[in-house]
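Residue numbers (the working numbering), protein chains in the order written: chain A, 5 to 267; chain B, 2 to 399.
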């Protein structure tokens, strides 16, 4: 069974919420990324979102854009990220890890080869923000035909409306509810005005856990929605924390433990 | 191939590779656009502004001295005579009327050299819309005069410092802003690129170029041309120039990309030269990219052709063999520019000079009774500084 699905099932049994953090692979370098992943695992993170840097990250705000640019400058490529994944899995790291990436990176690699390689290297899930429901056929075909392939995590937005049910039906692992309009980053004050109703609608439709992301910094930020959601995702704020702490493993552990305890 | 029956696609090219939060926006846009172009009132309005404000129709000028020198009859479609100096305004008028019709109060646009930005700022002033133009910080530095023009017209020019600080990044930033504010904001894309329905929409609003040309050449020559040529960056003037000739199999369609310092140097803007397919700015098409799938910077002396992709319908016309795509270098384009200045007394844009350069090459192998129509997409006033620097031997290709 898939690591993400396993973890989500365990949490459900324990009646606990999931916590997911986002890190750009190779920011500042691959070695640090490995340390950060291991620190996250040790602190009890439920799933790690590993960003594959791309030259044109249209779904990201300035903080993650900058992290991507830096990683690319430092020579980080998809191949090197696969190597890191393989190394982690060979060394017994079992924390669920998914790739957050843009479609061109996978497409250029070749979808068949890409999906096979994900399966080989223990990539558990995929989030591709520029690949909406209507454009997913090609990658779905590969995912369905490859044993051990990652699960495809669907994104829904506050303006998805009538699209919610078909999208949610297809999602595996969990469904990613974007809390605001526009790109990653932002704040509680940027949460969409109909957020509560929209989250409820997704929750009522979904057979997989409902995670909320974008603009979240603390467990406090998602308190008003704790009766609906199954967990929270922190991206931009986590990248800032890494930068501000000079990529300190201790800062990572402290932040994750605190968030998990309060969630 | 299974995309054959999908109207969002041209063969395998096109599509809607955008975030989920824009899918309903695109759907709303498509419905509004399809309704509008079937509404006689909307079409009449569009033609009213093209006639009374833009100054259409533009002449199809028989370039007598050029023709005598090169052989076949060369006709220039004078888009350079439009208000604001290029074909860009045709599309802006169409999209801004659509924006009004949809009840939007703000428009945003991306711009590289500033031509589309100026056209959008002009349209926004005319229709009393709030206008923000996204422009790479590098480009702002290089095109100060156009930045000032946009500001004179009441637009806000928003510098973009992400990525390479050029057109592709300005486009990224416009997409990001649009995803956040689509409720009251209309994104006016300047070229035949982007997610469906933009390539189709831009083609329809630029189609006027070929509709007029076809009628004009039939009046003047009593027959269709043998060749229709246009320069291709994203491909808006060329798709407009091709549109009414696509179903005329006797007409050769030729698109001319920017070869920069030469394809072999890697410093060019010819997205189709290497045949690499990828996904950028909401569409699947031919792209300049490196071995890791990151988008590469385009290089051309012409800022308007300096784009790493090409419109999806062009990609399809290339693969289906209906149109042929070639490239000419900076040097060839500059020679053609000077040639037109001296032979016909017309200063063309560097972009359009790419098409001219290839036409001169082709003409050598064509008989005198053949007819070539070339789109003179813009005038060269904006380029005189670059021409001067080029002639002084300074660096003009970043």
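Backbone N, C-alpha and C fix where the C-beta goes; we use that ideal spot for every residue, glycine too.
Quiz item: At what residue ranges does the stretch 320-348 of chain B contain a whole run of the alpha helix (DSSP H), taking only runs of 4 or more?
Solution: 331-345
Quiz item: Under a three-way DSSP split, which group does residue 361 of chain B fall into?
Solution: Counting from 1 along the second chain, the entry for residue 361 of chain B is found at position 360. Three-state DSSP puts residue 361 of chain B in a helix.
Quiz item: Closer than 7 Å, Cβ to any Cβ of chain A: which residues of the stretch 165-181 of chain B, in chain order?
Solution: 169, 173, 176, 177, 180 and 181
Quiz item: alpha helix (DSSP H) containing residue 37 of chain A: first to last residue?
Solution: Translated into positions along the first chain, residue 37 of chain A becomes position 33. 34-46 is the span of the alpha helix (DSSP H), which, as asked, contains residue 37 of chain A.
Exercise. Using the Cα positions of residue 221 of chain B and residue 93 of chain B, report the straight-line distance between them to the nearest angstrom.
Key: Here the question's residue 221 of chain B lines up with position 220 in the second chain. Here the question's residue 93 of chain B lines up with position 92 in the second chain. Roughly 30 Å between the two C-alpha positions.
Practice problem: Please list the segments of the beta strand (DSSP E) lying wholly inside the stretch 57-123 of chain B, counting only runs of 3 or more residues, in order along the chain. | Solution: 61-63, 74-79 and 107-112
Exercise. For residue 186 of chain A, decide whether its Cβ has a neighbour in chain B, counting only Cβ atoms nearer than 8 Å.
Key: Stepping through the first chain from its first residue, residue 186 of chain A is reached at position 182. Residue 186 of chain A counts as touching chain B.
Quiz item: Name the DSSP beta bridge partners of residue 18 of chain B, please?
Solution: The residue given as residue 18 of chain B occupies position 17 in the second chain. BP columns for residue 18 of chain B point to B/283.
Quiz item: Quick one, are the C-beta atoms of residue 28 of chain A and residue 57 of chain A less than 8 Å apart?
Solution: Along the first chain, one-based indexing puts residue 28 of chain A at 24. Along the first chain, one-based indexing puts residue 57 of chain A at 53. Taking 8 Å as the Cβ cut-off, residue 28 of chain A and residue 57 of chain A qualify as a contacting pair.
Exercise. Would you please verify whether the beta carbon of residue 233 of chain A is less than 8 Å from any beta carbon of chain E?
Key: Although the question refers to chain E, the structure presented lacks it and instead comprises the protein chains A and B.
Self-check item: chain A contacts from the stretch 260-288 of chain B (Cβ-Cβ distance under 7 Å)
Solution: Within the stretch 260-288 of chain B, the qualifying residues are 279, 280 and 281.
Quiz item: If residue 78 of chain B and residue 67 of chain B are in contact, beta carbons under 8 Å, what's the gap, nearest whole angstrom?
Solution: Along the second chain, one-based indexing puts residue 78 of chain B at 77. Along the second chain, one-based indexing puts residue 67 of chain B at 66. The Cβ separation is near 14 Å, so there is no contact.
Exercise. Taking all protein chains shown into account, decide if residue 81 of chain B is buried (16 or more other Cβ within 10 angstroms of its Cβ) or exposed.
Key: Looking up residue 81 of chain B in the second chain gives position 80. With 16 or more Cβ atoms within 10 Å of its Cβ, residue 81 of chain B is classed as buried.
Self-check item: residue 183 of chain B - DSSP class collapsed to helix/strand/coil
Solution: Here residue 183 of chain B is taken as the residue at index 182 of the second chain, counted from 1. Reduced to three states, the DSSP call for residue 183 of chain B is coil.
Self-check item: For residue 262 of chain B and residue 42 of chain A, the rounded distance between their alpha carbons
Solution: Along the first chain, one-based indexing puts residue 42 of chain A at 38. Along the second chain, one-based indexing puts residue 262 of chain B at 261. The straight-line gap from Cα to Cα measures roughly 48 Å.
Self-check item: Interface positions of the stretch 195-221 of chain B facing chain A (Cβ-Cβ less than 7 Å), listed along the chain
Solution: Cβ contacts with chain A: none found.
Quiz item: Which first and last residues belong to the alpha helix (DSSP H) in which residue 89 of chain A is found?
Solution: Working through the first chain from its first residue, we reach residue 89 of chain A at position 85. Taken as a continuous stretch (DSSP letters only), the alpha helix (DSSP H) holding residue 89 of chain A covers 82-94.
Practice problem: Please state whether DSSP places residue 167 of chain B in a helix, a strand or coil. | Solution: Here residue 167 of chain B refers to the residue found at position 166 of the second chain. Reduced to three states, the DSSP call for residue 167 of chain B is coil.
Self-check item: DSSP three-state assignment for residue 25 of chain A, whether helix, strand or coil
Solution: Here residue 25 of chain A is taken as the residue at index 21 of the first chain, counted from 1. Three-state result, residue 25 of chain A: strand.
Quiz item: Which one or two residues does DSSP pair with residue 158 of chain A in a beta bridge?
Solution: Working through the first chain from its first residue, we reach residue 158 of chain A at position 154. As a beta-bridge residue in DSSP terms, residue 158 of chain A pairs with A/179.
Exercise. Please state whether DSSP places residue 305 of chain B in a helix, a strand or coil.
Key: As a position in the second chain, residue 305 of chain B is number 304, starting the count at 1. Secondary structure at residue 305 of chain B: helix, using DSSP grouped into helix, strand and coil.
Quiz item: So, are the CB atoms of residue 160 of chain A and residue 29 of chain B less than 8 Å apart?
Solution: Taking the first chain and counting its residues from 1, one reaches residue 160 of chain A at position 156. Taking the second chain and counting its residues from 1, one reaches residue 29 of chain B at position 28. For residue 160 of chain A and residue 29 of chain B, no; Cβs fall outside 8 Å.
Practice problem: Report the neighbours of residue 296 of chain B on chain A: residues whose CB is nearer than 7 Å to its CB, in chain order. | Solution: Reading the second chain from its first residue, position 295 is the one you call residue 296 of chain B. In chain order: 59 and 60.
Exercise. Please list the residues of the stretch 153-165 of chain A that have a C-beta atom closer than 9 Å to any C-beta atom in chain B, keeping them in chain order.
Key: 158, 159, 160, 161, 162, 163, 164 and 165
Exercise. Run down chain B in chain order and give the residues with a C-beta less than 8 Å from the C-beta of residue 69 of chain A.
Key: Along the first chain, read from residue 1 onward, the residue named residue 69 of chain A stands at position 65. Simply 163 and 164.
Quiz item: Of all Cβ atoms in chain B, is any one closer than 8 Å to the Cβ of residue 81 of chain A?
Solution: By 1-based counting over the first chain, the position of residue 81 of chain A is 77. It does: the Cβ of residue 81 of chain A has a partner Cβ on chain B nearer than 8 Å.
Quiz prompt | Own chain residues within Cβ distance below 6 Å of residue 3 of chain B, not counting five before or after | solution = Position 2 of the second chain, counted from the start, is the residue given in the question as residue 3 of chain B. With a pLDDT of only 48 at residue 3 of chain B, under the threshold of 50, the placement of this residue in the model should not be trusted; the figure read from the coordinates follows. For residue 3 of chain B, where only same-chain residues beyond five positions count, there are no Cβ hits under 6 Å.
Quiz prompt | residue 380 of chain B in three-state terms, based on DSSP | solution = The sequence position of residue 380 of chain B within the second chain is 379, counting from 1. Three-state result, residue 380 of chain B: strand.
Practice problem: Just tell me which of B/255, B/208, B/306 and B/111 has its CA closest to the CA of residue 179 of chain B. | Solution: Within the second chain, numbered from 1, the residue matching residue 179 of chain B stands at position 178. Among B/255, B/208, B/306 and B/111, the Cα nearest to that of residue 179 of chain B belongs to B/111.
Self-check item: Beta-bridge pairing of residue 103 of chain A - partner residues as DSSP gives them
Solution: By one-based count along the first chain, residue 103 of chain A stands at place 99. A/54 and A/130.
Quiz item: Are the stretch 361-375 of chain B and the stretch 227-235 of chain B in contact at 8 Å, needing three or more beta carbon pairs?
Solution: The stretch 361-375 of chain B vs the stretch 227-235 of chain B: in contact.
Practice problem: Would you verify that the beta carbon of residue 29 of chain A is, or is not, closer than 8 Å to some beta carbon of chain B? | Solution: As a working note, residue 29 of chain A is residue 25 in the first chain. Chain B, which has no Cβ nearer than 8 Å to the Cβ of residue 29 of chain A, makes this no.
Self-check item: Below-8 Å beta-carbon distance, residue 268 of chain A vs any chain B residue
Solution: A query on residue 268 of chain A cannot be resolved here, the shown segment of chain A reaching from 5 to 267 and no further.
Quiz item: Mind checking if residue 16 of chain B is an interface residue toward chain A, Cβ cutoff 8 Å exclusive?
Solution: As a position in the second chain, residue 16 of chain B is number 15, starting the count at 1. Yes, its Cβ sits closer than 8 Å to a Cβ of chain A.
Exercise. Output the residue ranges of the beta strand (DSSP E) runs that lie fully inside the stretch 215-253 of chain A and measure 3 residues or longer, sorted by chain position.
Key: Correct list: 235-238.
Quiz prompt | Check whether residue 235 of chain B and residue 193 of chain B have beta carbons under 8 Å apart | solution = As a first step, residue 235 of chain B must be located in the second chain, where it is residue number 234. As a first step, residue 193 of chain B must be located in the second chain, where it is residue number 192. Residue 193 of chain B sits close to residue 235 of chain B, with the two beta carbons spaced by under 8 Å.
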